[in-house]
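The next block holds one structure in the form of structure tokens; read it before the comments.
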Amino acid sequence: LGPRVLPNIFCRFVFVRGRALDPCAAMQRDLDIVVFGATGDTGVSACCCLYFKGKTLGISSWAPAARNLGKLKSDLLDRLADREPREDGLAPSEPIQADSGDYESLLRMCKRTKCVVACAGPFSQYGEGVIKACVEAGTHYVDVTGEVPWVEKMERKYGEEAEKKGVTLVSLAGYDSVPPDLCTFLAAKGMRDEGEALQRFDIFCGGGGGAMPSGTINTLVHGVDEAKGQFWNKVSFVMLGTPARRPRTEESQLATTSGPRKTYVPQTEAANLGSNLIWSMCPGYSSLAGQFCLPHFMAPININVVHRTAAQEGYGGLVYRERMAGLPTGLMSLYGLVPTICGIAGGLLLALFLPLPYSTSAIVKLRDTFNPALMASARKLMLNGFQSTGVTIASGFGISRSGAMTAKTELKCKYDPGLGFTMLSACTLASVIVKRLESDDKPRTGFQTAVTAVGGEALADALRAMGVELKVTTQRTSRL
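Just so you know, our numbering puts the end of the sequence shown at 600, numbered straight through with nothing missing.
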């Protein structure tokens, strides 16, 4: 056999977790990572991360992709051209023209790269074509959506084929939902290493600085409008509002032909998920943290990811509460009671406001008034060396089933939650996936959480290498 034949035979008959894969399909590409949606808020952040931190991430090539290459050039590439990437950074390859409405352009893009970092949202409107193209091309995929129902739908449609082709697909890889999911995993593992099992975990998430991505705001507004329409449709006996959307024919057929409906969180965790979600959304007192607390606004999204990882990693059934970080908790605030009461009052006013006509129009008006200046400031910092844009924090408190051990996790990052940390997290995960392709320890295939795709310890180590502070401590107690 000639030297050219042997590598082809090797590539065709590599087995990973019992499935015959073709690693050359993803390994023999001219790009490691492509950022799709590079002109948007999160896309710009991702490109700046790779431009100034690409070598630190361990990749060798990347390229931005967008529908409008002229806008990409003027808004991003020309501004980056004035800055050297320095020793930690990596200049991009030629930009790629790709449009979410043009499947062939998406497929061409995916065939050039090992991994796509998708930034074009709302994903329920613009995201499916990228996933479909990645699966067809054998390209790995990471996104920063928070739309759990959409992710569940995508898994039902493309999950089985992705597994057969050895493709890794990871959604919710940013602020939602890496900090709570990773911290919970690290607490559970820390206890398991000491012969204990995690029984309850209270986590406080928050941060500041930066700006909220426009796509995130649009997704929230769309969700509120849809819920508001259904609410008025019911209370007015179908005279007002809009009825709940009926599944399209293809969705109905998928649900009936694929056996039992596959949910994002396994059925074994469904009851526990429901209970934890209800209690996480109620203000209360955390005995583990010693303070009163308010719900974290991202809890309805994050709790799904936490329970999916827990079921897969062997610590399902835990009691989980997700709370808002950053509230005063000292004696003067009565250990958080005063801000908690104020937060409850604010939440009630918001609940009364949202069903009103034009409430979302007011939200959009506020966005257009305040967010552009915040976004411009954040972009300037990122384009000027991916500098600190704020802070992201997560503090977790756990206790074992025996009550004999406690665990504490701390995550702190010098970037804001919505843009800086979100894209640092997604790019870090994508780089780990790419590097794993050339090792014996391949990423898990099919739809995965960020933690289950590459392993919680590997993800934590990679984030630490990017400057994220992550600490895990366990301690024996006298409680028996």
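Cβ atoms here follow ideal geometry from the backbone N, Cα and C, with glycine treated the same way.
Beta carbon of residue i nearer than 8 Å to that of residue j
{"i": "G505", "j": "Y535", "result": "no"}
{"i": "F156", "j": "C239", "result": "yes"}
{"i": "Y171", "j": "L200", "result": "yes"}
{"i": "A257", "j": "A527", "result": "no"}
{"i": "L447", "j": "G434", "result": "no"}
{"i": "V588", "j": "L531", "result": "yes"}
{"i": "H416", "j": "R443", "result": "yes"}
{"i": "A550", "j": "I216", "result": "no"}
{"i": "G349", "j": "I513", "result": "no"}
{"i": "Q568", "j": "T233", "result": "no"}
{"i": "P158", "j": "L196", "result": "Position check: residue 158 holds Ala in this sequence, whereas Pro was assumed. A contact, by the Cβ cut-off of 8 Å."}
{"i": "Q387", "j": "T572", "result": "no"}
{"i": "V290", "j": "A471", "result": "no"}
{"i": "Q208", "j": "K175", "result": "Correcting the residue type first, residue 208 is Asp in the shown sequence and not Gln. Contact: yes."}
{"i": "M543", "j": "S165", "result": "yes"}
{"i": "M525", "j": "E214", "result": "no"}
Residue i, DSSP secondary structure in three states
{"i": "S372", "result": "For S372, the predicted structure reports a pLDDT of 49, less than 50, and the residue's modelled location is therefore unreliable. A value from the coordinates is still provided. Three-state DSSP puts S372 in a helix."}
{"i": "E602", "result": "This structure gives no information on residue 602, because the portion of the chain shown stretches from 121 to 600."}
{"i": "T509", "result": "coil"}
{"i": "M332", "result": "coil"}
{"i": "L210", "result": "coil"}
{"i": "K191", "result": "helix"}
{"i": "M586", "result": "coil"}
{"i": "G446", "result": "coil"}
{"i": "K231", "result": "coil"}
{"i": "K244", "result": "It is worth fixing the name first, because residue 244 is Ser in this sequence and not Lys. S244 falls in the helix class under three-state DSSP."}
{"i": "C303", "result": "helix"}
{"i": "L141", "result": "Any answer about L141 is weak, because its pLDDT of 47 lies below 50 and its placement is not dependable; what the coordinates show is given next. It is a strand residue."}
{"i": "V385", "result": "coil"}
{"i": "S551", "result": "helix"}
{"i": "L200", "result": "helix"}
{"i": "L292", "result": "coil"}
Interface flag, residue i vs chain C, CB-CB below 8 Å
{"i": "A445", "result": "No chain C is part of this structure, which consists of one protein chain only."}
beta-carbon residue i near the ligand MG non-hydrogen atom, thresh 7 Å
{"i": "S520", "result": "Because no ligand of any kind appears in the structure shown, any question about the ligand MG cannot be addressed here."}
Classification of residue i by the beta-carbon crowding that lies within 10 angstroms, buried from 16 upward
{"i": "F243", "result": "buried"}
{"i": "K354", "result": "exposed"}
{"i": "Y478", "result": "exposed"}
{"i": "S180", "result": "exposed"}
{"i": "R149", "result": "buried"}
{"i": "A391", "result": "exposed"}
{"i": "P333", "result": "buried"}
{"i": "T460", "result": "buried"}
{"i": "V271", "result": "buried"}
{"i": "D301", "result": "buried"}
{"i": "D161", "result": "buried"}
{"i": "D296", "result": "buried"}
{"i": "E204", "result": "exposed"}
{"i": "T597", "result": "exposed"}
{"i": "S194", "result": "exposed"}
{"i": "I464", "result": "exposed"}
{"i": "Q411", "result": "buried"}
{"i": "C169", "result": "buried"}
{"i": "R206", "result": "exposed"}
{"i": "C167", "result": "buried"}
{"i": "I519", "result": "buried"}
{"i": "T376", "result": "Only weak support is given to the placement of T376: the predicted model assigns it a pLDDT of 47, under 50, and the value that follows is read from those uncertain coordinates. With fewer than 16 other Cβ atoms within 10 Å, it is exposed."}
{"i": "V592", "result": "buried"}
Of the listed residues the options, nearest to residue i (C-alpha basis)
{"i": "A331", "options": "L486, F324, A419 and V237", "result": "L486"}
{"i": "A293", "options": "V574, P448, G587 and L226", "result": "V574"}
{"i": "G538", "options": "H260, I153, P205 and P299", "result": "P299"}
{"i": "E283", "options": "A585, Y261, G456 and C303", "result": "Y261"}
{"i": "C533", "options": "L590, C303, Y384 and E204", "result": "L590"}
{"i": "V344", "options": "S356, S481 and G310", "result": "S481"}
{"i": "N396", "options": "A585, T572, V426 and R596", "result": "V426"}
{"i": "L226", "options": "E248, G241 and I398", "result": "E248"}
{"i": "S356", "options": "P475, R428 and G329", "result": "P475"}
{"i": "G163", "options": "G178, R206, A183 and L177", "result": "A183"}
{"i": "R499", "options": "T489, G540 and S520", "result": "G540"}
{"i": "I515", "options": "Q595, V250, T304 and D198", "result": "Contrary to the premise, residue 515 reads as Ser rather than Ile in this sequence. Here the closest residue by C-alpha is T304."}
{"i": "A409", "options": "A430, T449 and Y384", "result": "T449"}
{"i": "G286", "options": "G315, G310 and V255", "result": "V255"}
{"i": "L192", "options": "A580, L177, D219 and D313", "result": "D219"}
{"i": "V385", "options": "R428, D560, L414 and T593", "result": "R428"}
{"i": "T548", "options": "E214, I483 and L579", "result": "L579"}
{"i": "S508", "options": "L340, M586, M311 and L151", "result": "M586"}
For the stretch 475-493 against the stretch 553-566, do three or more pairs of beta-carbon atoms, one drawn from each stretch, fall closer than 8 Å, so that the two count as touching? no
With contact counted as at least three CB pairs below 8 Å, one residue from each stretch, are the stretch 186-193 and the stretch 561-576 in contact? no
Three or more C-beta pairs below 8 Å linking the stretch 432-446 and the stretch 315-327: yes
Between the stretch 393-412 and the stretch 262-281, do three or more beta carbon pairs fall short of 8 Å? no
Are there three or more Cβ pairs, one per stretch, closer than 8 Å when the stretch 410-426 is compared with the stretch 261-271? yes
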